[in-house]
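Colleague: Have a look at this one.
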Amino acid sequence: MSSLNWNDLIKEAGENTNSYEPLPKGDYELKVIEAKSTTTQTGKTMFKLTTEVQGGPHANRRVWDNLVISPENPKALNMFFMKAGVLGLNRDFFQSNPTNAQIEQALMNRSFRATVDQRTYNGNVGNEITQYHKSEAAVAAPVQASAAPAQSAAPAPAPAPAPAPAPSSPVSGEEPF
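Positions 1 to 177 (this note's numbering) are the ones given, in order, by the sequence shown.
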């Protein structure tokens, strides 16, 4: 027997419990709130990102993206490094040969600006990030991978802000490093 009062929960949730509307197309300031490494069905390493809109009428709404490492496809691999670069994970970070756990930790709380579009998949309309841009709100300093394992007991201190970057251009036309 359930100990929840479902009638009260339905009333508390309000009227919009049966609908979900994707975000309108446009640019949004996003922040990574979860990064999880996994393996695709084809055996590639992938980082699943959950991001959250930072401000405006759609504040706290979420957008998801996957960063897939495709060694056999130079264009796709370049796209991975361009997106990671926008998120502050630059060449120096990857040259330190970080573990997936270190990459997950480094992606957390990274802010960026994204162009979000809508797409239909299996008959459902959802959002997709079509371009990554350096954030105008907060640009974090590049991260260094640490040889020590991540500590989970206390959050890491916030990195110091980097000097203001040159005007950003969309990722699709940028060099990764």
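A virtual CB, placed ideally from N, CA and C, is assigned to each residue, including glycine.
Could you check what DSSP says for Gln41 in three-state terms: helix, strand or coil?
Modeller: Sequence index remark: in the sequence shown, residue 41 carries index 41 (1-based). Three-state DSSP puts Gln41 in coil, outside helix and strand.
Colleague: Going by DSSP in three states, Gln54 sits in which element: helix, strand or coil?
Modeller: By 1-based counting over the sequence shown, the position of residue 54 is 54. Here Gln54 sits in coil by DSSP.
Colleague: Using only CA atoms, which one of Lys75, Ala101, Pro22 lies nearest to Arg119?
Modeller: The residue labelled residue 119 in the question sits at position 119 within the sequence shown. Of the listed residues, the one whose Cα sits closest to Arg119 is Pro22.
Colleague: Taking only three categories from DSSP, how would you classify Leu107?
Modeller: For the purposes of this step, residue 107 is taken as residue 107 along the sequence shown, with counting starting at 1. Annotated three-state conformation of Leu107 is helix, per DSSP.
Colleague: Please classify Ala84 as buried or exposed, where buried requires at least 16 other C-beta atoms within 10 Å of its C-beta.
Modeller: For this step, residue 84 is matched to residue 84 along the sequence shown. By the neighbour-count rule (16 or more Cβ atoms within 10 Å), Ala84 is buried.
Colleague: Distance, Cα to Cα, Met79 vs Asn60?
Modeller: Start at 1 with the first residue of the sequence shown, and residue 79 comes out as number 79. Start at 1 with the first residue of the sequence shown, and residue 60 comes out as number 60. Each residue's alpha carbon lies about 26 Å from the other.
Colleague: Residues bridged to Arg119 by DSSP?
Modeller: To locate residue 119, count along the sequence shown from 1; it is residue 119. Answer by DSSP bridge pairing, in chain order: Gly126.
Colleague: Classify Gly88 as buried or exposed, calling it buried when 16 or more other Cβ atoms lie within 10 Å of its own Cβ.
Modeller: Counted from its first residue, the sequence shown places residue 88 at position 88. Classification of Gly88: buried, given that the 10 Å Cβ count is 16 or more.
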